[in-house]
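Those sequence lines, one after another, are chains A and B. Just so you know, we're using the numbering used here here: the first sequence kicks off at 2 and counts up by one. Just so you know, we're using the numbering used here here: the second sequence kicks off at 2 and counts up by one. Don't be surprised by glycine CBs; every beta carbon is placed ideally from N, CA and C. To keep things clear, I will list the structure first and then write my remarks on it.
Number of protein chains: 2
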Amino acid sequence: MSRPGIRFEVLKECPHTRARAGLLHTAHGVIETPVFMPVGTQGSVKGLTQRMLERELGVRILLANTYHLFVRPGHELIARMGGLHRFLGWPRAILTDSGGFQVFSLSALRSISDDGVVFRSHLDGAEHRFTPESALEVQQALGSDIRMVLDECTEYPASHEHARRSMERTVGWARRGLGRLREAVFPIVQGSMYRDLRRECAQRLVELDADGYAIGGLSVGEPRTVSLEMVEATEDLLPRERPRYCMGVGMLEELGEYVARGVDMMDCVLPTRNARNGYLFTTRGRVIIKHQRYREDPRPLDEQCACPTCAQYSRSYLRHLFLSGEILFSTLATCHNVWTYLDRMRRIRQAIMFGNLPNLLSSFSSQRVDEE
Amino acid sequence: MSRPGIRFEVLKECPHTRARAGLLHTAHGVIETPVFMPVGTQGSVKGLTQRMLERELGVRILLANTYHLFVRPGHELIARMGGLHRFLGWPRAILTDSGGFQVFSLSALRSISDDGVVFRSHLDGAEHRFTPESALEVQQALGSDIRMVLDECTEYPASHEHARRSMERTVGWARRGLGRLREAVFPIVQGSMYRDLRRECAQRLVELDADGYAIGGLSVGEPRTVSLEMVEATEDLLPRERPRYCMGVGMLEELGEYVARGVDMMDCVLPTRNARNGYLFTTRGRVIIKHQRYREDPRPLDEQCACPTCAQYSRSYLRHLFLSGEILFSTLATCHNVWTYLDRMRRIRQAIMFGNLPNLLSSFSSQRVDEE
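Structure below.
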């Protein structure tokens, strides 16, 4: 079914798992799903140029953080500059989050009511307010292709009672948000680590008939098996024909686990943040580049990798750049890690199309070694 | 005249000034002169990838600092990794300096004798020694295409007597250095700000019949007119058929002044260091990007510039990246500044070829405004 904002097509369902391969059509291009979205927090994926993202990495959709852009440089400025795509010089799709997660994790002196959340900017202490309506207005001003409804990120651990109240607020906010704007707006399933709350939340959000659904509030300190359980508890209630976005989770080896549970879209700061800290993901495990063992290692980070970094540079040179504090290290390491995530997702998608996802997933887990 | 290391051809001499346009042939490609060489201190031009340098900026020769690479990761490691070109993943030419300037400016506890210089690494305090012979052996291990003889950088100001003693030492070191290695080795003219010492130094170095000559010890605090005078005092004594490299000088508007005085090769950290500090060179003057006036400025940094940064990004976005401390700012700003320097040199070379350099130089000075 076509809507003005986005259109999602399921091309193939995995006969063995809940995974699907699809196409997500946006005004800024078609995205093959499942997809991993690199995070451009403040309007830049740290260390990479837009040209690298587009041409060298083949990224089709970026995530940008509404909270960060709201506090600096401001959504109104970005709107006056022609919107986020033009401001960033980025011609492809952009998803913005709701701002909720950062309000709860970064800003100070927040007070939450059913109306919305009042917070102080982490930059200058200025007081601001997000309501379900205003958070979408901000995203509309940014001009992103996919927008999230304001949600309350429940702290972990939370009592069942607290988690229920929090989930009820998120559902209420979703209703108000979708009342303000419907196109390409995703409400977010919350409910802490309680199956019953997750299921109730999903059911009530599905009644709102949104263009897609997000699963939020994961990766907040719970065991990784619990995160996967919460996705399982949610997913079978979500409409097959709408994309599902699981927010902010994923070590490399977990991507396939989420996809196998019916997730179409993922994002995570791990590949980018870990890259800058010298922690590289490879098909054979992690490489911690500062280790002495790489001092005279002439091999690329990952001999099976076709990324621009592995095509041109040795571990020895990368270690030198890291120890020397060179900017180039962040660029090359981020390029490699993002490539590795995207490549993993491409392989997963291909396995779904060919019907052999379980084989691929087991090859990943047998391949993994602790460190090269 | 052909030598194994490099070969220099003068293609055209300016009928109005001392400028020349030429070709410098190296084992890693042909370089059009006059040329500006971006500085890759620790084996990286800060903020840029080798691919950007090669493909987007068209850089044909980089400078790398012998001292920095000697103290980390070490020339022997680089030699074992296949040499500097391979270590860096850089297929084009590399010039290494002598290490002298950094020993005098960065390292601690140095003691200088006619034999050489003993110094402590600025990184770990380890004691090392450079002699004229060993400084060239280090560069030979690095495998650079053009190497510099160890010189003593005279402090400024210096008495005539001190400057003479220092110059004599530099001449003695040049004789020893060229006795150790001749191919593509440039001795360095010193003599502080004394015309007579500069001329005597040049005459004595020319007797050594080197493949090229450097003019060093400038930009150490003297007035800019004095730097130019010292080049003038030196240049007419240097052989026409050998390249002249003026070390470490040059605001954008000065490039043409040096070239008009017979300089073929230049390097300077200004375009790269200033870029990271938010100071941009444009054809219409400087842009200090943090200024409020650029907050909502949708124009590129320089409307006449064809660099990748100006093709894709606004001043408003660049200011946002700078204020947000994004790595991407350093990359985009450095790309622009280096492009601007290279483009300036290309225009200067073309004007020499067409015989209209004075017109171009006067157009530069009339074009310049203090700030856009």
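Assignment of alpha helix (DSSP H) within the stretch 204 to 249 of chain B, counting only whole runs of 4 or more residues, yields 225 to 236 in chain order.
Among the residues of chain B, those whose CB is under 8 Å from the CB of Ile328 of chain A are Ser45, Lys47, Gly48, Ile328, Ser331, Thr332, following chain order. Chain order gives the chain B residues near Met82 of chain A as Glu297, Pro299, Ser315, Ser317, Tyr318, where near means a beta carbon separation below 8 Å. The beta carbons of Ile7 of chain B and Asp212 of chain B sit closer together than 8 Å. Residue burial annotation: His337 of chain B is buried, with at least 16 other C-beta atoms found within 10 angstroms of its C-beta. Following the DSSP letters along the chain, one finds His129 of chain A in no alpha helix (DSSP H) but inside the beta strand (DSSP E) bounded by residues 128 to 131.
Of the candidates A:Trp340, A:Asp115, A:Gln103, the residue whose Cα lies closest to the Cα of Ser122 of chain A is A:Gln103. Cβ-Cβ distances below 6 Å link His29 of chain A to Arg93, Ala94, Asp146 in the same chain, with the five nearest sequence neighbours on each side left out; the list follows chain order. In this structure, Val221 of chain B and Thr273 of chain B do not form a Cβ contact; the two beta carbons are roughly 19 Å apart against a cut-off of 8 Å. In the structure shown, Arg148 of chain A adopts extended strand secondary structure according to DSSP, grouped into three states. Residues are counted here when their Cβ sits less than 7 Å from a Cβ of chain B; for the stretch 335 to 360 of chain A the count is zero.
The Cβ neighbour count for Phe88 of chain A, taken over all protein chains shown within 10 Å, is at least 16; the residue is labelled buried. Following the DSSP letters along the chain, one finds Val288 of chain B inside the beta strand (DSSP E) bounded by residues 286 to 289. Between Trp174 of chain B and Leu137 of chain B, the C-beta spacing is not below 8 Å. When DSSP states are grouped into helix, strand and coil, Arg111 of chain B belongs to the strand group.
Per the DSSP secondary-structure output, Arg277 of chain A pairs with nothing in a beta bridge. Taking 8 Å as the cut-off, the Cβ atoms of Ile328 of chain B and Lys47 of chain A count as close.
Across the set B:Glu208, B:Pro158, B:Gly263, the C-alpha of B:Pro158 shows the shortest separation from the C-alpha of Met194 of chain B. For Met53 of chain A, there is no enclosing beta strand (DSSP E), as DSSP marks it with neither H nor E.
Against chain A, the beta carbon of Ser325 of chain B has neighbours under 7 Å at Gln43, Arg73, listed in chain order. By the criterion of at least three beta-carbon pairs nearer than 8 Å, the stretch 20 to 35 of chain B is not in contact with the stretch 305 to 316 of chain B. For Ile32 of chain B, there is no enclosing alpha helix (DSSP H); the residue is part of the beta strand (DSSP E) that begins and ends at 30 to 34. Apart from the 5 residues on each side of it in sequence, Cys15 of chain A sits with its Cβ closer than 6 Å to the Cβ of Ile353, Leu358 in its chain, given in chain order. For Gln51 of chain A, the nearest beta carbon of chain B is closer than 8 Å to its own beta carbon. A check of alpha carbon separations from Ile216 of chain A across A:Glu162, A:Leu239, A:Thr226, A:Glu208 identifies A:Leu239 as the nearest.
Around the beta-carbon of Arg21 of chain B, 16 or more other beta-carbon atoms lie within 10 Å, marking it buried. Arg21 of chain B: member of the beta strand (DSSP E) spanning 21 to 27, first to last residue.
Residue pairing by DSSP puts Val186 of chain A in a beta bridge opposite A:Arg148. Of the other Cβ atoms in all chains shown, 16 or more fall within 10 Å of the Cβ of Gly100 of chain A; this residue is therefore buried. The beta carbon of Leu281 of chain A is closer than 7 Å to those of Arg287, Val288, Ile290, Leu302, Ala334, His337, Asn338 in its chain, skipping five residues each way along the sequence. For Ile328 of chain A, the enclosing alpha helix (DSSP H) stretches over residues 328 to 355. The same chain holds no residue with a CB closer than 6 Å to that of Ser135 of chain A once the five nearest residues on each side in sequence are set aside. Contact of Leu322 of chain B with chain A is assigned, a C-beta pair being separated by under 8 Å. When only Cα atoms are considered, Ala261 of chain A and His161 of chain A end up about 28 Å apart. Under the 8 Å Cβ criterion, the stretch 228 to 242 of chain B counts as touching the stretch 182 to 197 of chain B, having at least three qualifying pairs. Interface annotation, Leu78 of chain A: in contact with chain B, CB-CB separation under 8 Å.
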